[in-house]
Amino acid sequence: MDLGQNQGLRRPLMLLIKNKRLFGTWAAANTTFGMEAMSLLSFDQLVTQGAFRPLDLKTLFHKAPPAKFSIKEKRTLALKLGFSLMDYFDADFMTKGIYFLDFSGRGLDKESPYLGISSSKKPSAKIDPYCLKRGHPALLALAKLLLEMEYGQSSDLDISPESSQNRLAWMTLMEIVEGLEVERGDSYLQAIRGCLVVHHDISLALRSGDFQDRDADMVIRKALYEEIVYYLERAVDESVPRAVQKRQRSESPTRPNSSDGHRTFAIRCAESDPSTSGYKKQRVAEPQRDLPASMAELNGGESHVKGGLASCVNMKCRHGSCLEEVSLLNDGMRPLQRMPCDFIAPNRFNMSARRPCRREDFEVAIICALPLEYDAVSYLVDEWWDEKGNQYGKMQKDPNIYTAGRIGSCDVILVLLPRMGKISAASAAASMRSSYSNVKLALLVGVCGAATYSQDREILLGDVIISNTIVQYDFSRRYPDKFVTKNTVEDRLGRPTKLVLNLLAMLKTDREYDKLKERAAYFLYELQAKAAQKQRYGKYNYPGTAKDKLFESSYRHKHHAPASCLCCDCASDSDPVCNEALSLSCGDLGCDDRYLVARDRLQARTQLERDDGDVHRLATIHIGAVGSGDTVIKSAADRDRIAKEAGVLAFEMEGAGAWDEVPSVVIKGVCDYADSHKHKGWQDFAAAMAASTSKAILERYIQTGHPA
Numbered sequence: 001m002d003l004g005q006n007q008g009l010r011r012p013l014m015l016l017i018k019n020k021r022l023f024g025t026w027a028a029a030n031t032t033f034g035m036e037a038m039s040l041l042s043f044d045q046l047v048t049q050g051a052f053r054p055l056d057l058k059t060l061f062h063k064a065p066p067a068k069f070s071i072k073e074k075r076t077l078a079l080k081l082g083f084s085l086m087d088y089f090d091a092d093f094m095t096k097g098i099y100f101l102d103f104s105g106r107g108l109d110k111e112s113p114y115l116g117i118s119s120s121k122k123p124s125a126k127i128d129p130y131c132l133k134r135g136h137p138a139l140l141a142l143a144k145l146l147l148e149m150e151y152g153q154s155s156d157l158d159i160s161p162e163s164s165q166n167r168l169a170w171m172t173l174m175e176i177v178e179g180l181e182v183e184r185g186d187s188y189l190q191a192i193r194g195c196l197v198v199h200h201d202i203s204l205a206l207r208s209g210d211f212q213d214r215d216a217d218m219v220i221r222k223a224l225y226e227e228i229v230y231y232l233e234r235a236v237d238e239s240v241p242r243a244v245q246k247r248q249r250s251e252s253p254t255r256p257n258s259s260d261g262h263r264t265f266a267i268r269c270a271e272s273d274p275s276t277s278g279y280k281k282q283r284v285a286e287p288q289r290d291l292p293a294s295m296a297e298l299n300g301g302e303s304h305v306k307g308g309l310a311s312c313v314n315m316k317c318r319h320g321s322c323l324e325e326v327s328l329l330n331d332g333m334r335p336l337q338r339m340p341c342d343f344i345a346p347n348r349f350n351m352s353a354r355r356p357c358r359r360e361d362f363e364v365a366i367i368c369a370l371p372l373e374y375d376a377v378s379y380l381v382d383e384w385w386d387e388k389g390n391q392y393g394k395m396q397k398d399p400n401i402y403t404a405g406r407i408g409s410c411d412v413i414l415v416l417l418p419r420m421g422k423i424s425a426a427s428a429a430a431s432m433r434s435s436y437s438n439v440k441l442a443l444l445v446g447v448c449g450a451a452t453y454s455q456d457r458e459i460l461l462g463d464v465i466i467s468n469t470i471v472q473y474d475f476s477r478r479y480p481d482k483f484v485t486k487n488t489v490e491d492r493l494g495r496p497t498k499l500v501l502n503l504l505a506m507l508k509t510d511r512e513y514d515k516l517k518e519r520a521a522y523f524l525y526e527l528q529a530k531a532a533q534k535q536r537y538g539k540y541n542y543p544g545t546a547k548d549k550l551f552e553s554s555y556r557h558k559h560h561a562p563a564s565c566l567c568c569d570c571a572s573d574s575d576p577v578c579n580e581a582l583s584l585s586c587g588d589l590g591c592d593d594r595y596l597v598a599r600d601r602l603q604a605r606t607q608l609e610r611d612d613g614d615v616h617r618l619a620t621i622h623i624g625a626v627g628s629g630d631t632v633i634k635s636a637a638d639r640d641r642i643a644k645e646a647g648v649l650a651f652e653m654e655g656a657g658a659w660d661e662v663p664s665v666v667i668k669g670v671c672d673y674a675d676s677h678k679h680k681g682w683q684d685f686a687a688a689m690a691a692s693t694s695k696a697i698l699e700r701y702i703q704t705g706h707p708a
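Residue numbers for the sequence shown follow full-length UniProt numbering, so the first one is 1 and each next one is one higher.
Below you can see the structure in the form of structure tokens.
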């Protein structure tokens with residue numbers, strides 16, 4: 001059926017449902033069928049007119065006609081939209097115009113929203129029904145609409161039809177929700193959060209096995225119900241006044257695991273299953289509640305209503321008769337593509353903005369050796385305490401420069417070392433203890449070089465290393481034929497404090513480790529978004545798997561073409577190369593990719609990069625021994641030898657210096673493989689990964705003496 005041919009002619013569209021099939025025909029122009037005069041008001045118009053703003057005292061005192069939506073009416077409308085998303089998740093319906101009928105005799109019909117449609121334009125982008133990843137336009141649009149409805153104000157937040165273009169919009173909405181969670185924790189807000197995080201559950205479920213289209217539909221609808229619709233149902237219940245003893249207004253909503261909740265979902269799934277008796281695409285009233293029929297969607301272009309309203313999906317001409325059948329089935333499904341695991345952003349802790357009064361109030365320090373490491377951490381500081389000048393001071397003869405702020409709920413001091421190395425770190429840590437005597441935990445955050453394997457697990461660029469012990473790899477004895485690392489009891493660094501041991505023990509549990517990875521991924525997005533706001537676009541983006549190259553240990557970084565230099569005679573690890581080769585890249589020297597080491601994790605990440613383009617979510621966090629020394633390792637042979645002898649995962653230069661001065665944990669992102677091919681192309685991203693992981697760890701740190 002061609003809806004466009006009658007556009008603007010004011011010919012009513014007559015619809016008939018018979019034997020579970022929908023038929024339609026056009027009536028004569030200007031036919032009224034005895035209907036009273038009416039006009040159309042869009043959702044945006046109602047927002048502009050203040051229809052969703054909370055009732056004011058003037059309205060209450062003068063008992064004005066209830067033109068505004070009450071809390072219950074807003075919650076009921078939100079529930080209808082949630083059910084519509086659950087039914088038509090594969091359609092971009094939330095970005096189309098939502099309309100209400102305004103009758104001249106009885107006013108606005110708040111109970112029956114409609115979707116305006118037009119068949120004259122085609123959608124600019126087609127939504128992949130099984131690609132509900134972070135930034136999905138329908139999910140973001142619903143979250144935005146629920147916020148606009150709650151506060152009665154319109155938002156100019158731009159949502160692109162392409163999920164990949166919605167990173168900033170997703171981050172903005174998530175920050176708004178987390179800010180609201182400081183003041184409230186009701187079911188309605190939980191539903192809005194569900195719109196922003198449900199993609200994680202869907203990705204996990206679809207990735208867990210192979211599904212047919214019908215089974216995948218069930219998986220997606222179940223997740224949408226549990227994360228969004230269930231809480232909107234709760235919000236409707238909460239909008240109805242009831243005795244305090246029956247329901248405390250402040251109680252937290254629970255997961256939908258009751259038999260009633262599952263029964264509701266099962267009924268809805270049966271309605272959406274073409275193989276079940278009584279199948280219909282439209283939603284009918286729920287058995288527990290008398291709700292009007294939900295909106296539906298015509299998969300057309302820009303929203304306009306011309307001469308009539310429809311409530312069906314994908315109208316298509318089936319035959320040329322006067323009464324034409326209209327299909328209710330969506331034929332736009334793509335074959336299922338298994339989705340990679342995405343991340344979820346759980347509730348952030350409540351954060352108080354109490355400014356510390358004195359230096360003794362600081363328990364956490366972050367030490368960085370390079371400005372680029374300090375920059376990455378700075379983007380994740382939620383609030384600076386010294387914007388108007390340092391008010392905390394320091395002890396005499398303390399040369400350190402401190403900045404103070406809040407990361408999450410932790411008050412922290414940041415220290416940037418004047419140079420790299422153990423001596424610089426030890427001096428800074430000792431001076432810090434004199435000025436900030438109550439520091440109980442120091443995080444050394446930055447970049448490191450990695451050993452290539454950890455207990456048969458590959459380490460890739462961008463992974464994060466967390467220390468549970470420090471080994472001084474250059475603290476050794478020189479024998480005529482070799483160096484031997486000092487490893488006696490007297491030579492070893494002290495044991496970690498109980499605080500550090502307990503923290504690391506928790507991070508090794510499956511639950512805390514998974515949560516750490518999820519939160520680190522979330523904070524990385526936060527860091528990238530903040531950098532973009534400062535016009536530093538792409539600075540902390542993932543460089544790409546094509547740039548993650550690990551050469552065989554015996555393959556030297558040198559001139560490979562015939563040349564009249566030392567490189568021509570370089571055949572073993574001890575042979576020298578020319579100075580020019582040391583400063584040139586692998587591309588300049590022509591290092592041959594045939595000598596790259598094949599790695600399973602890298603291949604999996606490469607495939608994910610092709611499919612999704614969002615691969616840094618799969619960065620792994622490794623916990624183990626870290627080698628620390630004043631020598632920069634740029635030799636694959638030495639790297640492998642030290643890693644085997646000392647059992648270290650990575651190499652850095654500051655941990656050993658701070659370890660005995662203050663309880664410390666090294667948290668560093670892998671930026672190279674500690675070989676002659678190392679370069680600086682991964683440093684910014686590795687520093688961002690380390691900073692994000694550090695903030696995730698601080699979420700688990702409980703400051704002493706602070707009220708809950």
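Glycine included, every Cβ here is placed at the ideal spot set by N, Cα and C.
- Rounded to whole angstroms, the separation of the alpha carbons of residue 163 and residue 436 is 46 Å.
- For the 8 Å CB-CB criterion, residue 407 and residue 655 do not form a contact.
- Taking all protein chains shown into account, residue 17 has fewer than 16 neighbouring C-beta atoms within 10 Å of its C-beta and is therefore exposed.
- The residue from 576, 432, 383 with its alpha-carbon nearest to that of residue 397 is 432.
- Here residue 496 is buried, its C-beta having at least 16 other C-beta atoms within 10 Å.
- Exposure of residue 151 is indicated by the presence of fewer than 16 other C-beta atoms within 10 angstroms of its C-beta.
- Secondary structure at residue 460: coil, using DSSP grouped into helix, strand and coil.
- In this structure, residue 181 lies near residue 189, with their beta-carbon atoms less than 8 Å apart.
- Residue 89 is not a Cβ neighbour of residue 176, given a cutoff of 8 Å.
- Non-local beta-carbon contacts of residue 238 in its own chain, meaning distances under 7 Å to residues more than five positions away in sequence, involve 186, 187 in chain order.
- Per the C-alpha coordinates, the member of 688, 579, 662, 547 positioned closest to residue 364 is 662.
- The C-beta separation of residue 531 from residue 379 comes to about 6 Å, placing the pair in contact by the 8 Å criterion.
- Scanning its chain for C-beta atoms nearer than 6 Å, with the 5 sequence neighbours on each side dropped, one finds around residue 466 the residues 623, 667, in chain order.
- Here DSSP, grouped into helix, strand and coil, assigns residue 652 to strand.
- For residue 402, the enclosing beta strand (DSSP E) begins and ends at 402 to 407.
- Counting the other Cβ atoms within 10 Å of the Cβ of residue 463 gives 16 or more, which makes it buried.
- Non-local beta-carbon contacts of residue 154 in its own chain, meaning distances under 7 Å to residues more than five positions away in sequence, involve 44, 47, 48, 148 in chain order.
- In the structure shown, residue 150 adopts helical secondary structure according to DSSP, grouped into three states.
- Taking residue 421 as the centre and dropping the five residues before and after it, the same chain places the C-beta of 630, 653 closer than 6 Å to its C-beta, in chain order.
- Counting every other CB atom within 10 Å of its CB across the protein chains shown gives residue 193 a total of 16 or more, marking it as buried.
- Counted as a single uninterrupted DSSP element, the beta strand (DSSP E) harbouring residue 16 occupies residues 13 to 18.
- Shown here for residue 356: same chain residues with a beta carbon closer than 7 Å to its own, the five before and five after excluded, namely 362, 385, 411 in chain order.
- The alpha-carbon of residue 625 is positioned some 10 Å away from that of residue 651.
- With fewer than 16 neighbouring CB atoms inside 10 Å of its own CB, residue 158 falls in the exposed class.
- Remark: C-beta atoms of residue 674 and residue 450 approach each other more closely than 8 Å.
- In the DSSP annotation of this structure, residue 671 is not part of any alpha helix (DSSP H); the continuous beta strand (DSSP E) holding it starts and ends at 664 to 672.
- With contacts defined by Cβ atoms closer than 8 Å, residue 366 and residue 445 form a contacting pair.
- Per DSSP, residue 628 lies in no alpha helix (DSSP H) segment; the continuous beta strand (DSSP E) that holds it begins and ends at 621 to 628.
- Setting aside the 5 residues that flank it on each side, residue 110 is surrounded in the same chain by 69, 73, 77, 100, each with a C-beta closer than 8 Å to its C-beta; the list follows chain order.
- The closest CA to that of residue 694, considering only 405, 443, 358, is found on 443.
- Residue 11 is classed as buried because its beta carbon has at least 16 other beta carbons within 10 Å across all chains shown.
- Scanning 115, 170, 698, 195 for the CA closest to the CA of residue 519 turns up 698.
- Per DSSP, residue 99 lies in no alpha helix (DSSP H) segment; the continuous beta strand (DSSP E) that holds it begins and ends at 98 to 103.
- Inter-residue distance for residue 543 and residue 142 is about 33 Å (C-alpha atoms, whole angstroms).
- CA-to-CA, the gap between residue 512 and residue 619 works out to about 16 Å.
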